[in-house]
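Residue numbers (this note's numbering): 42 to 286.
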């Protein structure tokens with residue numbers, strides 16, 4: 042049994058998974074050189090289910106899905122029923138506006154701590170999420186947590202008490218996202234904690250990294266994200282003649 046002692050149930054904590062409706066041609070598009078649009082959809086959906094299963098098992102937090110294009114989509118309604126999660130709409134013109142809007146909505150509703158997570162890191166350990174909430178608990182009101190990814194972005198961001206002014210004038214989808222966010226945090230003297238580096242699975246070379254990571258985890262007796270592993274193995278086997286690995 043996992044020790045969840047670092048997450049206390051007496052504080053209102055929201056953990057929000059940002060998710061797109063899995064439609065072929067609209068998700069994991071940078072993998073098209075290796076996988077077909079339908080295969081990209083299958084892999085994205087596996088990442089989504091594994092991540093949602095992981096966050097729904099955490100004690101002391103309430104899981105949400107921030108949906109696009111709409112929380113009324115039957116797919117999202119089905120996930121809410123299956124996993125007992127709450128649904129929100131993503132609102133805004135770009136990723137920054139959508140994250141800021143989600144933080145505003147939940148903090149205004151009385152949630153003390155809100156953490157936003159993406160779907161591109163299916164092997165992310167739950168211990169990192171516990172570390173994020175622990176940092177928010179120990180820090181002052183207005184504290185920020187951020188989890189940098191190897192591609193220069195971040196896989197997680199969270200705040201307590203108020204929405205930090207860190208989501209505008211950011212060159213989204215570039216390697217400058219995390220460095221620029223750090224600059225703003227320092228410039229505005231916002232207290233923050235940097236979480237351990239992790240990786241996103243966005244580009245073709247990331248598939249080999251993920252495959253190798255799954256192998257190493259298995260050798261250690263760890264089996265996270267089983268649907269993602271099963272789906273990746275099947276797709277790479279199917280595409281043996283065309284994939285670059």
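By construction, the Cβ of each residue, glycine as well, lies at the ideal position given by its N, Cα and C atoms. Keep in mind that this is a model prediction, so the values were computed, not measured.
About 6 Å separates the beta carbons of residue 272 and residue 83, which is inside the 8 Å limit, making them a contact pair. Within the same chain, and ignoring the five residues on either side of residue 160 in sequence, the residues whose Cβ sits closer than 6 Å to its Cβ are 60, 88, 89 and 92. In this structure, residue 251 sits near residue 242, with a CB-CB distance shorter than 8 Å.
Three or more pairs of CB atoms, one per stretch, sit closer than 8 Å, so the region 101–109 contacts the region 120–140. Closest in alpha carbon position to residue 140, among 149, 98 and 157, is 157.
Apart from sequence neighbours up to five positions away, the residues of its chain that approach residue 225 with a beta-carbon distance below 6 Å are 207, ordered along the chain. Unbroken beta strand (DSSP E) runs of no fewer than 3 residues, entirely contained in the region 156–196, are found at 185–189, following chain order. Cα atoms of residue 211 and residue 116: separation of roughly 31 Å, rounded to the nearest angstrom.
The Cβ atoms of residue 186 and residue 199 lie closer than 8 Å to each other. Beta-bridge analysis with DSSP links residue 154 to 54 and 201. Its chain contains 103, 151, 152, 153 and 154 as the residues whose beta carbon lies nearer than 8 Å to that of residue 53, once the 5 sequence neighbours on both sides are disregarded; these appear in chain order. Taking 8 Å as the upper bound for CB-CB distance, residue 170 and residue 56 are in contact here, some 7 Å apart.
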